[in-house]
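Remarks on the structure that follows.
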Amino acid sequence: MARPREFDEAAVLDAAAQCFWRFGYEATSVKDLTEKTGLTAASLYNAYGDKRGLFRASLDRYVSESIGNRLRRCEALPPFEAIQAFFDEILRRSLNDRQHKGCMLVNSALEMAPHDAEFQQIIASVLSSIESFFLGCIRTGQADGTIAQSLPAEVLARHLVGVLMGVRVLARVRAEKALLEGVVAPALAQLAPLRDDPV
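Here the sequence shown is numbered in the UniProt record's numbering, starting from 1 and rising by one per residue.
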């Protein structure tokens with residue numbers, strides 16, 4: 001039977017995530033992690049095995065608490081409003097990101113996924129869940145007439161994933177309101193039904 005943690009795991013993972021999120025996986029040292037989390041190196045290794053294990057646990061928590069919570073909040077809204085609310089929050093977070101940290105998942109996709117099969121699979125799975133959220137909203141909206149039927153739902157959902165990734169990467173270097181809103185606005189406009197769209 002596993003021994004219970006002798007520390008506040010949520011607080012440790014949140015602190016570790018801040019390190020990885022700001023500096024990236026490779027540039028974050030075990031010393032950085034022990035200073036930020038308050039764990040000794042021995043406790044870190046005992047609990048998570050190594051830096052990679054702590055990164056995996058931190059990323060899992062980020063996905064659950066940040067991305068997962070956003071999807072759950074938005075899923076409660078009508079289809080078009082759900083997608084709009086999702087991007088409104090992305091824009092708000094991107095524009096208020098004074099340290100230009102970006103999105104931990106997107107950062108990991110750029111740093112880890114190209115050469116790490118395990119993390120490539122993890123990140124691809126999360127992006128698939130976001131795509132599924134968009135797809136569900138679009139299918140429901142196309143069925144009830146609140147989202148345009150000019151393109152197949154699958155095409156629109158994939159496009160929105162691309163818009164999301166683009167906004168989050170752009171925000172790292174040009175967190176400009178007009179620029180980021182200018183990326184999102186045409187994508188949302190494409191979803192708006194024309195008056196002669198079939199219902």
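C-beta: ideal position from N, C-alpha, C; glycine also.
N-terminal and C-terminal residue of the alpha helix (DSSP H) that residue i is part of
i: F7; result: Element bounds for F7: n/a, residue is neither H nor E.
i: M104; result: M104 to E111
i: A124; result: A117 to D144
i: L156; result: A153 to V173
i: L91; result: P79 to L95
i: Q149; result: Unbroken run through Q149: none, as it is neither H nor E.
i: E181; result: K177 to L191
i: E75; result: N69 to E75
Residue i burial status per 10 Å Cβ neighbour count (16 or more: buried)
i: P152; result: exposed
i: Q99; result: exposed
i: N107; result: buried
i: L194; result: exposed
i: R3; result: Its pLDDT being 48, under 50, R3 is placed unreliably in this model, and the coordinates cannot settle the point.
i: K31; result: exposed
i: T40; result: exposed
i: G102; result: buried
CB contact check: residue i to chain D, cutoff 8 Å
i: V155; result: No chain D appears in the structure shown, which is made up of a single protein chain.
Residue j beta carbon less than 8 Å from that of residue i
i: V184; j: V167; result: yes
i: A180; j: S64; result: Residue identity check: residue 180 is Leu in the sequence provided, not Ala. No, the Cβ-Cβ distance between L180 and S64 is not below 8 Å.
i: E111; j: G49; result: no
i: F80; j: L191; result: yes
i: I123; j: A143; result: no
i: I130; j: L170; result: no
When the options are compared against residue i, the one with the closest alpha-carbon
i: E6; options: G38, K51, P114 and R139; result: G38
i: R61; options: G136, V126, L191 and A192; result: V126
i: G182; options: A143, D88 and Q142; result: D88
i: T34; options: A82, R139, L54 and E26; result: L54
| task | Please specify which runs of the alpha helix (DSSP H), each continuous and at least 4 residues long, are wholly inside the stretch 31-63, giving them in chain order. | result | 41-48 and 51-62
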